[in-house]
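Have a look at the structure below before the remarks.
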Amino acid sequence: MKHAGEIALDQLEPLLARVRALPGLTEKKRGVFYRRASAFLHFHEDPKGLFGDVRAADDKDFDRFDVTLSGDALIAAAQARLKA
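Under the UniProt record's numbering, the residues of the sequence shown are numbered 1 to 84, in order.
Structure below.
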């Protein structure tokens, strides 16, 4: 699954705006967010849809969320992990 390109990121712009509003994240490259020095959240595109990966609670891997129709679950997970 490849990282989201510009056209996919254009479709995700409303969700990107919500992610940008989360405290403690830095957008190093469009659609790629870091928390401190570690990658925290990024997006992929696939024939099945658009997906967002958020750093897992164990801080070792990423959990994938389908954001094709809604990014609410991704935002909720990101908020919870930023508070941890």
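Glycine included, C-beta positions come from ideal geometry on N, C-alpha and C.
Just so we're clear, the structure is a prediction, and the values are computed from it rather than from any experiment.
Give a yes or no on whether the C-beta atoms belonging to residue i and residue j are separated by under 8 Å.
i     : j     : result
Asp72 : Met1  : no
Leu50 : Thr68 : yes
Gly52 : Leu41 : yes
Ala77 : Val54 : yes
Asp74 : Phe65 : Note on residue identity: the sequence assigns Leu, not Asp, to residue 74. Yes. Within cutoff.
Phe43 : His3  : yes
List the DSSP bridge partners of residue i.
i    : result
Lys2 : Glu45
Where does the unbroken alpha helix (DSSP H) through residue i begin, and where does it stop?
i     : result
Leu69 : Per DSSP, Leu69 belongs to no alpha helix (DSSP H) and is neither H nor E.
Taking only three categories from DSSP, how would you classify residue i?
i     : result
Ala84 : coil
Does the ligand PLP have even one heavy atom less than 7 Å from the beta-carbon of residue i?
i    : result
Ala8 : Judged by which ligands are present, the structure shown has none, so any question about the ligand PLP falls away.
Can you check the stretch 11 to 61 for any beta strand (DSSP E) of at least 3 residues that lies completely inside it and give the ranges in chain order?
25 to 29, 32 to 35, 38 to 46 and 49 to 55
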